[in-house]
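Undergrad:
Residue numbers (our numbering): 131 to 325.
Pasting the structure below:
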């Protein structure tokens with residue numbers, strides 16, 4: 131094998147290792163549906179968001195956040211701070227470097243993003259049991275995020291998180307529409323299902 135073939139092979143192997151280590155699916159044996167291919171229909175807009183100074187608003191909130199602030203995993207935006215009790219630090223800021231702010235995915239309302247669970251109003255003991263199951267691996271989050279983060283939390287942090295979310299009022303955020311034809315959807319690069 132000549133030098134150029136060796137260099138090419140090294141580049142290919144490095145690319146495969148790099149891609150594998152940054153893939154969503156960190157758990158072997160995860161079903162394909164749990165971590166579908168990302169970015170199929172549109173390219174990532176991360177570069178646009180990170181350089182965009184525009185502040186976003188939501189109806190009935192006096193808060194304004196940039197896209198970078200909205201996406202910050204270690205400082206969850208709180209659009210309606212008067213609608214809930216004071217957040218525990220772990221819920222609002224996480225525990226760097228491995229534990230994201232709980233509210234960055236599950237939101238300060240506890241309703242969660244479409245790709246994350248709704249926790250508002252669930253029994254605290256139930257949430258705690260799920261967290262311990264993530265920590266010991268008996269429950270798998272095929273993205274690997276919840277398993278990674280749960281291992282880093284203390285029992286008292288898990289209890290504090292669970293108590294806080296269980297005290298939130300659940301909200302109906304889903305509208306079911308019955309139809310004879312389903313719209314075609316795709317998964318974007320943030321694992322959101324879009325039309």
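Even glycine gets a Cβ: it sits at the ideal position worked out from N, Cα and C. Quick caveat: nothing in here was measured; it's all calculated off a predicted structure.
For residue 260, I'd like the list of residues in its chain whose CB is within less than 7 Å of its CB, leaving aside the five on either flank, ordered along the chain.
TA: Position 130 of the chain shown, counted from the start, is the residue given in the question as residue 260. Cβ within range, chain order: 269.
Undergrad: When the Cα of residue 314 is compared with those of 306, 219, 325, 249, which residue comes out closest?
TA: As a first step, residue 314 is located in the chain shown; it is residue number 184 there, counting from the start. Cα-wise, what sits closest to residue 314 is 325.
Undergrad: Here's the rule: buried if 16 or more other CB atoms are within 10 angstroms of the residue's CB, otherwise exposed. What is residue 283?
TA: By one-based count along the chain shown, residue 283 stands at place 153. Its Cβ being crowded by 16 or more others within 10 Å, residue 283 is buried.
Undergrad: Do residue 207 and residue 199 have their C-beta atoms within less than 7 Å of each other?
TA: Within the chain shown, numbered from 1, the residue matching residue 207 stands at position 77. Within the chain shown, numbered from 1, the residue matching residue 199 stands at position 69. Result yes, Cβ atoms of residue 207 and residue 199 sit closer than 7 Å.
Undergrad: Restricting to runs no shorter than 4 residues, where is the alpha helix (DSSP H) found entirely within the region 243 to 321?
TA: With a minimum length of 4 residues, the continuous alpha helix (DSSP H) runs that stay inside the region 243 to 321 are 254 to 266, 275 to 282, 285 to 296.
Undergrad: Determine the direct distance from the alpha carbon of residue 322 to that of residue 311, and round the result to whole angstroms.
TA: Stepping through the chain shown from its first residue, residue 311 is reached at position 181. Stepping through the chain shown from its first residue, residue 322 is reached at position 192. Whole-angstrom Cα-Cα distance: 21 Å.
Undergrad: Contact check, residue 300 vs residue 250 under 8 Å by CB: the rounded distance?
TA: Here residue 300 is taken as the residue at index 170 of the chain shown, counted from 1. Here residue 250 is taken as the residue at index 120 of the chain shown, counted from 1. Contact holds; Cβ gap of about 5 Å.
Undergrad: Counting C-beta neighbours from all protein chains within 10 Å, is the total for residue 234 16 or more, i.e. buried, or is it exposed?
TA: For the purposes of this step, residue 234 is taken as residue 104 along the chain shown, with counting starting at 1. Buried, since its Cβ has 16 or more Cβ neighbours within 10 Å.
Undergrad: Taking Cβ positions only, does residue 310 come closer than 7 Å to chain B?
TA: In the displayed structure, chain B is absent; only one protein chain is listed.
Undergrad: With which residues is residue 229 paired in a DSSP beta bridge?
TA: Indexing the chain shown from 1 puts residue 229 at position 99. For residue 229, which the question treats as bridged, DSSP gives the partners 225.
Undergrad: Looking at the unbroken alpha helix (DSSP H) that takes in residue 327, where does it start and where does it end?
TA: Because residue 327 is not part of the residues shown, which for the chain are 131 to 325, the question remains open.
Undergrad: Output the distance between the C-alpha atoms of residue 305 and residue 244, rounded to the nearest integer angstrom.
TA: As a first step, residue 305 must be located in the chain shown, where it is residue number 175. As a first step, residue 244 must be located in the chain shown, where it is residue number 114. Going from the Cα of residue 305 to the Cα of residue 244 covers about 13 Å.
Undergrad: Alpha carbon to alpha carbon, what distance is there between residue 240 and residue 253?
TA: The count along the chain shown starts at 1 and reaches residue 253 at position 123. The count along the chain shown starts at 1 and reaches residue 240 at position 110. Distance between the alpha carbons of residue 253 and residue 240 is about 13 Å.
Undergrad: What three-state label does DSSP hand residue 323 in the structure shown?
TA: Residue mapping note: residue 323 aligns to position 193 of the chain shown, counting from 1. Correct three-state label for residue 323: strand.
Undergrad: Per DSSP, residue 185 forms a beta bridge with which residues?
TA: As a first step, residue 185 is located in the chain shown; it is residue number 55 there, counting from the start. Answer is 196, bridged to residue 185.
Undergrad: Grouping DSSP H, G and I as helix and E and B as strand, with all else coil, what is residue 206?
TA: As a working note, residue 206 is residue 76 in the chain shown. If DSSP states are grouped into helix, strand and coil, residue 206 belongs with coil.
Undergrad: In terms of alpha-carbon separation, which member of 295, 221, 278, 263 lies closest to residue 205?
TA: Stepping through the chain shown from its first residue, residue 205 is reached at position 75. Checking every option, the nearest Cα to that of residue 205 belongs to 221.
Undergrad: Figure out for me which residue from 302, 217, 237, 203 has the closest Cα to the Cα of residue 227.
TA: Taking the chain shown and counting its residues from 1, one reaches residue 227 at position 97. Among 302, 217, 237, 203, the Cα nearest to that of residue 227 is on 203.
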